[in-house]
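Below you'll find the structure, written out as C-alpha cells, and then a few comments.
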Amino acid sequence: MMEARPAVDDAALGREALAVLEANWTGTGTVPAPGLYPHQWSWDSAFVVIGLARHRPDRARDELLSLLRGQWATGMVPHIVFHTREAYFPGPSVWRSQEHAAAPRVLTSGLTSPPLHALALWWLYRHTGDVAFVRRTYPALVAQHAYLSAARDLGGAGLAAIVHPWESGMDDSPSWDDALAALPATRLGHRNVELAERHPQSDHDRYVWLAMSYRDAGYRAEYLRDEHPFAIEDPMFNGIWLASCQALAELAPLAGADPAPHVERAERIRHALLDRLWDGCFYARDLRADRLIRVCTVGAFGPLLDPGLPGDHLRAALDVLESARFMGATGYPVPSCEIRAAQFDRTRYWRGPSWVNTNWLLRRAAAVHSLDHLGRQLANGTLRLVRQAGFRECFDPFDGSGRGCRDFSWSAALTLDLLA
Ligand code: 2M8
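In case it helps, the working numbering puts the sequence shown at residues 7 to 426.
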C-alpha cells in the first residue's frame, strides 16, 4: 500500500534530505542506513559525495577521505569500510583483512564495488573548484583504476570482472542466478537481513561461501584468474568505470598529470563493451560459462554514461529503456529488471524495484547525450517517488510504495542533487 505523506515543497524536501544525511553521519563517514548497514559502503559513499557536493562540500570531502582510508596497497577500494567490529554479517571476523599484508589498518571487506569515485571527485570539483582536493585524492583513484586493469581484467579485453554479486552493488540481480546456481550448495546459516525482500537463504550461503573462498586464497589476483568460480563482466560496473576514466582524464591536468592513459583506458573499455557485451542491448558476460547472460536489467544502461557511445547503439538502448520493458509500463522510473523477464519481481530488491541511484545514473547518461526530455522524466519521476514514500532504499515500480530501509543515505543525497 502507498504510504500517505504530507505534501512537501522542494525546500522542505531538501532540508529533510540533509537531516537524514546528518543523522547517518558517524563522525567519520556516512552509513547507508541506520541499523541494517552500520558501516561505510563504497559506492553509497560516492553517491553521498555527489549529493553533498553543492550543499556540504566539507562533508563530501571528509566522506571520500574516510572511504579511501580503507584502500589497500594493491589499489583496491573495498566495498565496506568497517566502523565497529561486528554488527553486520559478514563482518571483520569473516573478511580478516588485518591478516593481509596489503590491507590498511582500518578493517575492511576484501571485495570491491562499482568504481564511481573518480566521477564523484569530478562532480565535487565541478561544484567547488577545489583543485587542492583533486591533487590530494587523484593518486588514490589512479591506483584504484590500475588495480582494476591489473587484477580484474580476467577476460583480457580491457573490462573489469566482478568476482562476487556484492561487487556489482546489485546483489540479487537475476543476472547472477545461473552463475550462483553453478556453485556448490552450502549451509552456513548466518544472516542479518530481512529475508522477505532479499534473497533466499541458499543464495546468501553461496555469497558467503564465495567470499570465503577468495579470502582463503589470500585475496590473490592469480587465484581470481585461474580458479575462482565466479567471474562476470557487468555492463553497469564497466560503464561506471568508463565514466570514471573520463573523469580522471579531465582531472589529470589539475593534478599535473597526463590525461592520455585515462583516455586510452576509456576507449579500450568502450570497444570491449561493444565487442563483448552488446547484442541488441548490453548484457553481462559470464567468463566461466563463456556466454552472455541474456536477461536485461537496469545494469544494461551503464554504458550510456559514455558520451562516445556510437549513435546506433545509443538509439537501440534507448528504445529498450523507453519501451514497455522498462519505463513505458510502470509509471515510475526505472525498474531494476525488465518487467517481462520471468525473474522480474516488483517486491524483491534488485529483481524489480526502482532505485534512486540507478535512476540518477540514467539521468546523468541523459545529460551526457543532451536528452533533456528523458532527463526531466527521470528526475521528476524519482522525486515523485521520494515525495510520496520518503527516502526509502527502493520502491515498487508500479505503485511507488517504499521498500527496504527508511532514511536511506543515497536516496537522500541524490534527491539533493535532483532538486538543484
Ligand atoms: C546492498 O548490499 C549489501 C552487501 O554489500 C547487502 O545486501 O547487505 C546493495 O544494495 C548494495 O548496492 C549497497 O551498496 C549496500 C549498502 O547500501 O546494500
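Note that beta-carbon positions come from the ideal geometry of N, C-alpha and C, so glycine has one too. Values in this document were obtained by computation on a predicted structure and should not be read as measured data.
Paired residues, beta bridge with residue i - DSSP
i	result
Cys400	Arg409
Ile238	Ile168 and Asp292
Pro84	Thr118
Tyr43	Ala39
Arg31	First, the residue type needs correcting, since residue 31 is Trp and not Arg in the sequence shown. Answer is Thr36.
Residue range of the unbroken alpha helix (DSSP H) whose run includes residue i
i	result
Ala323	Gly317 to Glu328
Arg274	Ala266 to Ala278
Asp68	Pro63 to Leu74
Gly57	Ser48 to Leu58
His379	Asp378 to Ala395
Three-state secondary structure assigned by DSSP to residue i
i	result
Tyr225	coil
Thr421	helix
Glu474	No answer is possible for residue 474: it lies beyond the span of the chain, which begins at 7 and ends at 426.
Val214	helix
Arg102	coil
His89	coil
Ala261	helix
Trp78	coil
Asp15	coil
Arg111	coil
Gly97	coil
Phe433	With the chain covering 7 to 426 only, the question about residue 433 has no answer from this structure.
Ala427	Nothing can be reported for residue 427, as the shown portion of the chain is limited to 7 through 426.
Glu256	helix
Asn198	Residue placement at Asn198 is poorly supported in this model, since its pLDDT is 49, which falls under 50; the coordinates still yield a value, given next. Reduced to three states, the DSSP call for Asn198 is coil.
His375	coil
Ile246	helix
Ala126	helix
Arg231	helix
**OP:** Tell me the start and end of each unbroken alpha helix (DSSP H) in the stretch 133-188 that is at least 4 residues and wholly inside, in chain order.
**Re:** Secondary structure in the stretch 133-188: the alpha helix (DSSP H) runs of 4 residues or longer, each lying completely within the stretch, are 137-158, 171-174 and 183-187 in chain order.
Subject >> 4-residue-minimum alpha helix (DSSP H) runs that sit fully inside the stretch 281-367, ordered along the chain >> reply: Every unbroken stretch of the alpha helix (DSSP H) spanning 4 or more residues and falling wholly within the stretch 281-367 is given here in chain order: 317-328 and 333-336.
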